[in-house]
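Remarks on the structure that follows.
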Amino acid sequence: MLTLKRDITKDYNMINQQLLNPQSIVVVGGSEDVAKPGGKILKNIIDGGYSGKLCVLNPKTESIQGIKTYQDQEDLPNTELAILAIAAKFCPPTIEFLSRKKGTRAFIVISAGFGEESEEGALFERRMLATLEETGSCLIGPNCIGFMNHNYYGVFTTPLPKPDPKGIDFISGSGATAVYIMESGMTKGLSFASVYSVGNSTQIGVEDVLEHMDENYREGISPEIKLLYIENIGNPKKLLKHATSLVRKGCRIAAIKAGSTEAGSRAASSHTGALASPDTAVDALFRKAGIVRCFGREELTTVASIFNHKIPKGKNIAVITHAGGPAVMLTDALSEGGFRVPQLSGPKAEALLAKLHPGSSVSNPVDFLATGTAQQLSDIIDACENDFNEINAMVVIFGSPGLSRIYDVYKLLDRKMKTCKKPIYPVLPSLINAREEIESFLEMGNVNFPDEVTFARALSLILKTPSPPMEDKTIQELDKKKIRDVIQGAKSGYLKPELVGELLDAAGIPRVKERTVTSLQEAREASLDIGFPIVMKVIGPLHKSDVGGVVLNIRTGEEVKAHFTKLIKIPDTNAVLMQAMKTGVELFAGAKRDEKFGHLILGGLGGIFIEVLKDVSSALVPLYNEEALDMIRRLKGYKMIQGVRGKAGVDEYKFSDILVRLSELVLIAPEIAELDLNPLLGEGENVFAVDARIRVEELNS
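In the working numbering, the protein residues as written are 9 to 709.
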């Protein structure tokens, strides 16, 4: 695909009022045939009740769908917005004419045949972009379904959600996927304030739309829920900046990032390089911004549905059901996601049980049987709201076998959801048997969660997504001059051990006492200086252990002689590193530069565990203490750091300080392409770098 590469240093965010609320629209290529994009988009604008001046440009007729049609573009009146449904080759000259002759300042190009297909198509995009820059106009597309908000439906697809200025803002890099996501959301009761299908993002991409929403956000007026479907993050820094800002203003954002690949990391020479895949960078960006990352359409719209509710203040959930199976599956999924379904007992539980049919259970899940009534559901909800203080939220599962209508249950549920202080999540699975009742429930302004397991997993995603970290002012200063002196004097490639040591010292990262030797005499002197026991490692081979290049627990001068003589003969070895022998929990810390995302910091268990378990957390720089501690506590092997079975653990604050210092180091020295501290050895307050490798590369200008 030969898509146009935008210069991300330029400000292309030209979203204007002519796009958002045009007083006049021309559909170029409008048609009577509503099976064609030009015909369907015109029909949608008409059916949506657009109140401005609407016309069509088509050389074959004088009226289309009852709308005034101009056969010659010279005869067109001045028009604020033009929607183009014509062949790609005609789009550049049409945009040039309308922007220069008819004052048009907003364009939606739904046509395909641009950079996604050929180099000629990419040239069309460049011509359009040049005109837009010169005339100060904005463009959505090309190769998209269009744009819509409560002012007009500028899309050629269905379904069309009800216009709701307080609904969801949805931005998609794929037109077809946008339709499928809207369908998924609408069936759950979601409404949309705006839908941006950015297509090839010739001028405006997902990040640019988010920037506009951030800079024009008005508390209490602007939509607070944002959904993103992204296939390419063109400007990660812009996305991070404005998503973070919106979340801090009270917005909630969920996103799918499709198309991530680890292929680029397969050839990496370091542990950090192999672990820091493009998808790892996406995870880190979303986490830093407070974006809930989803991996499918149903997951995304379910997260958005939860955003429409209050979020629980704790992890204790009451499962209220009249069907055992869904309750069991929900309980399992909640437990796997970090929630608790605590047992309810005592006099108040007994009093509640007395109000239910024989055979019911209130232990949690609260099962009031298939014969349960609306009144019994009311009693259960009231008890969970008022009597059981340990409960933070309720999930109500209520479907129908189709024997009778259940409007009364859903009306009761609607009332309780609007009056209870604790959030209540409705799982209404009978999409066919209770279709009319569910539609009535949604028309009351509610949303539905048709599948209990999808709901639980979505709630867990929200729980596990932190708020954006606050800037940390307590980070200690590093020796910037020393760091820059080392980097500026170094050649591209892996640094010599002595230079690595100088960088670690300048960054304040503790390391074991060591010396690099090239002769037996130097080895003898180093052993006396360091003291026994000693570790000896070859310098030169990429993976020392694989070639037998590491010897531990050397305790005598004779052993030093024997092992040095053997190690120095290993192919590609040019020196031997001698270090003091330390014990403790093996840890790992690293940094990797991504050309688009910047540096990633990684931390986890070290030694062979990094290769076998790959238990690593990551974060984008700048890394703050709060984030570093969170990285450590998210590790599956966190209990090893805490200490298990009588073995001493590691001071997590010392470990987190090293991670933060690595972040500061690569900010001062962005030329560092990859950095491995593997292992770090930790025991109590003592955390030392035992083995370190740093590779530097010149920065792209």
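All residues carry an ideal CB built from backbone N, CA and C; glycine is no exception.
Would residue i and residue j be called neighbours here (beta carbons separated by less than 8 Å)?
{"i": "Asp422", "j": "Ala382", "result": "no"}
{"i": "Ile103", "j": "Ile148", "result": "no"}
{"i": "Gly565", "j": "Ser535", "result": "yes"}
{"i": "Ala588", "j": "Val546", "result": "no"}
{"i": "Gly162", "j": "Gly154", "result": "yes"}
{"i": "Val403", "j": "Val435", "result": "yes"}
{"i": "Leu106", "j": "Ile72", "result": "no"}
{"i": "Ile510", "j": "Lys490", "result": "Residue 510 is actually Glu in this sequence, not Ile. Yes; because the gap between Cβ atoms is below 8 Å, this pair is in contact."}
{"i": "Asn633", "j": "Val668", "result": "yes"}
{"i": "Val206", "j": "Ile241", "result": "no"}
{"i": "Lys356", "j": "Ala391", "result": "yes"}
{"i": "Pro244", "j": "Leu293", "result": "yes"}
{"i": "Val461", "j": "Ala341", "result": "yes"}
{"i": "Glu619", "j": "Leu637", "result": "no"}
{"i": "Lys429", "j": "Glu479", "result": "no"}
Once you ignore the five residues that flank residue i on each side, which residues in its own chain have a CB closer than 7 Å to its CB?
{"i": "Pro476", "result": "Thr252, Val255, Arg256, Lys296, Ala297, Gly298"}
{"i": "Pro541", "result": "Asn561, Ile562, Arg563, Met589"}
{"i": "Gln25", "result": "none"}
{"i": "Pro167", "result": "Met190, Glu191, Met194"}
{"i": "Gly46", "result": "Val35, Gly37, Gly38, Ser39, Ala93"}
{"i": "Ala464", "result": "Leu338, Ala341, Leu342, Gly345"}
Quick test of your reading: residue i and residue j, contact by CB under 8 Å. State the CB separation rounded to the nearest angstrom.
{"i": "Phe132", "j": "Ala96", "result": "5 Å"}
{"i": "Asn324", "j": "Glu232", "result": "Not confirmed; about 26 Å, so no contact."}
{"i": "Ile238", "j": "Val214", "result": "5 Å"}
{"i": "Leu575", "j": "Gly557", "result": "6 Å"}
{"i": "Ile405", "j": "Leu338", "result": "7 Å"}
{"i": "Gly407", "j": "Pro431", "result": "Between Pro431 and Gly407 the Cβ distance is about 20 Å, and since that is not below 8 Å, they are no contact."}
{"i": "Ile414", "j": "Glu445", "result": "5 Å"}
{"i": "Thr524", "j": "Ala570", "result": "Wrong, their Cβ atoms sit about 19 Å apart, outside the cutoff."}
Tell me, which residues are paired with residue i by DSSP?
{"i": "Tyr433", "result": "Val403"}
{"i": "His607", "result": "Arg601"}
{"i": "Tyr646", "result": "Answer is none; Tyr646 lacks a bridge partner."}
{"i": "Glu619", "result": "Per DSSP, none; premise fails for Glu619."}
{"i": "Glu522", "result": "Gln587"}
{"i": "Phe449", "result": "For Phe449, which the question treats as bridged, DSSP gives no partner whatsoever."}
{"i": "Met639", "result": "For Met639, which the question treats as bridged, DSSP gives no partner whatsoever."}
{"i": "Cys302", "result": "Ile264"}
{"i": "Gly162", "result": "Phe155"}
{"i": "Met544", "result": "Val559, Met586"}
Could you compute how far the alpha carbon of residue i sits from the alpha carbon of residue j?
{"i": "Lys499", "j": "Ile680", "result": "11 Å"}
{"i": "Lys426", "j": "Thr591", "result": "59 Å"}
{"i": "Thr139", "j": "Pro173", "result": "32 Å"}
{"i": "Leu723", "j": "Leu411", "result": "The structure shown does not extend to residue 723, since the chain spans only 9 to 709, so no value can be given for it."}
{"i": "Asp493", "j": "Asn208", "result": "44 Å"}
{"i": "Asp375", "j": "Arg305", "result": "31 Å"}
{"i": "Val1", "j": "Asp580", "result": "One cannot answer for residue 1 here, as it falls past the ends of the chain, which runs 9 to 709."}
{"i": "Gly332", "j": "Phe347", "result": "19 Å"}
{"i": "Ile666", "j": "Ala186", "result": "43 Å"}
{"i": "Lys151", "j": "Lys44", "result": "What sits at residue 151 in the sequence shown is Asn, not Lys. For Asn151 and Lys44, the distance between alpha carbons rounds to 15 Å."}
{"i": "Ser278", "j": "Ser285", "result": "Note that Ser278 scores 48 on pLDDT, short of 50, meaning its location in the model is unreliable and no value can be drawn from it."}
{"i": "Gly57", "j": "Gly121", "result": "31 Å"}
{"i": "Ser368", "j": "Asp395", "result": "18 Å"}
{"i": "Ala271", "j": "Asp55", "result": "With a pLDDT of only 47 at Ala271, under 50, the local geometry of the prediction cannot be trusted, and the value read off the model is given with reservation. Going from the Cα of Ala271 to the Cα of Asp55 covers about 47 Å."}
{"i": "Gly111", "j": "Asn86", "result": "6 Å"}
{"i": "Arg532", "j": "Asp554", "result": "26 Å"}
{"i": "Glu594", "j": "Leu503", "result": "23 Å"}
{"i": "Gln496", "j": "Ala697", "result": "24 Å"}
{"i": "Glu127", "j": "Thr310", "result": "40 Å"}
{"i": "Leu643", "j": "Phe617", "result": "12 Å"}
{"i": "Lys662", "j": "Leu628", "result": "19 Å"}
Starting from the C-beta of residue i, find all residues in its chain whose C-beta is less than 6 Å away, skip the five residues before and the five after it, and write them out in chain order.
{"i": "Gln650", "result": "Gly657"}
{"i": "Lys488", "result": "Ile676"}
{"i": "Ala673", "result": "Residue identity differs from the one stated: residue 673 is Leu in this sequence, not Ala. Correct list, in chain order: Ala515."}
{"i": "Leu683", "result": "Gly598, Ala599, Ile702"}
{"i": "Leu27", "result": "Ala114, Cys146"}
{"i": "Gly604", "result": "For clarity, residue 604 is Lys in the given sequence; the question names Gly instead. The residues are Pro244."}
{"i": "His158", "result": "Pro171, Pro173"}
{"i": "Lys76", "result": "Cys63"}
Return the chain-ordered list of same chain residues with a C-beta closer than 8 Å to the C-beta of residue i, the five sequence neighbours on each side being excluded.
{"i": "Glu227", "result": "Lys257, Gly258"}
{"i": "Asp602", "result": "Ala284, Pro286, Ala289, Leu608"}
{"i": "Leu84", "result": "Val34, Cys63, Leu65, Tyr78, Leu106, Lys110"}
{"i": "Ser32", "result": "Gly60, Lys61, Leu62, Cys63, Pro85, Asn86, Thr87, Glu88, Leu89"}
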